[in-house]
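*Asks:* Before I ask anything, here is the structure I am working with.
Numbering (this note's numbering), first residue to last: 936 to 1164.
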């Protein structure tokens, strides 16, 4: 059975999406980028004016509000809820692992059993990636019914997914070009290792009760997107 699945994966080796899928992905992420930029500008213009030094001196008592930097711990059920958003980058980066799955049949079988059914549902829904992305970003922004740790993970997972546009663009530029497997395989594996490394780090940190805020640039943007509360 493993040999059959390995052969199936080997026959579907091109690690990059087809031209139509690539264009669809790029369009979705460009739309999302514009929406995120608009939301950031809106938040900047609507931000409250800074409190004067006189007011700050009069208000010396501490509050219990979860401000920036006070929520490094992920507690209770939030440890599991914060892991759910990372399904999005797992599904979108999966095709970059095709070479790896063909060389390690048990890993390919695991991917075929656990990830492929989710991928089929994900791809069957019209504009599924766009809808999922908007739910993670705009849907969680400012939603105080969710804990800040869950909203942070939603924003970070979305930003990891956005960053995939760069390897997708490179892959699209190579579509139809006879690139040696000796070049394509390590490049594809590098992308898969990098993005799955970020996802595994984030999930492990959440399950351990620590906020995964150590990814350069991406974590900082996610922190800013969530806001102070």
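For every residue, glycine included, the Cβ atom is placed at its ideal position computed from N, Cα and C.
Since the model is a prediction, treat every value here as computed from it, not as a measurement.
Report the rounded CA-to-CA distance for residue 1133 versus residue 1089, giving the unit in angstroms.
*Replies:* 14 Å
*Asks:* Please list, in chain order, all residues of the same chain as residue 1137 whose beta carbon is under 7 Å from its beta carbon, the five residues on each side excluded.
*Replies:* 1021, 1088, 1091 and 1147
*Asks:* Where does residue 1141 fall in DSSP's three states?
*Replies:* helix
*Asks:* Under a three-way DSSP split, which group does residue 1008 fall into?
*Replies:* strand
*Asks:* Can you say whether residue 1157 is buried or exposed, counting buried as having 16 or more other CB atoms within 10 angstroms of its CB?
*Replies:* buried
*Asks:* Does residue 1062 come out as helix, strand or coil in the three-state DSSP assignment?
*Replies:* Coil.
*Asks:* Evaluate contact between the segment 1118-1129 and the segment 1049-1068, counting only Cβ atoms and requiring at least three cross-stretch pairs below 8 Å.
*Replies:* Put simply, the segment 1118-1129 does not touch the segment 1049-1068. Fewer than three CB pairs are less than 8 Å apart.
*Asks:* Over what stretch of residues does the alpha helix (DSSP H) that includes residue 1159 continue unbroken?
*Replies:* 1153-1161 is the span of the alpha helix (DSSP H), which, as asked, contains residue 1159.
*Asks:* What does a CB cutoff of less than 6 Å around residue 974 pick up in its chain, not counting 5 residues either side in sequence?
*Replies:* Because the pLDDT of residue 974 is 49, which lies under 50, any placement of that residue in the model is unreliable, and the question is left without a value.
*Asks:* Indicate whether residue 1124 and residue 1047 have their beta-carbon atoms separated by less than 8 Å.
*Replies:* no
*Asks:* With a CB to CB cut of under 8 Å and the five nearest residues on each side skipped, what residues in its chain are close to residue 1053?
*Replies:* 1022 and 1026
*Asks:* Excluding sequence positions up to five away, which residues of its chain have a Cβ less than 7 Å from the Cβ of residue 1078?
*Replies:* 1086
*Asks:* When DSSP labels each residue in this structure, what does residue 1106 get in the three-state scheme?
*Replies:* helix
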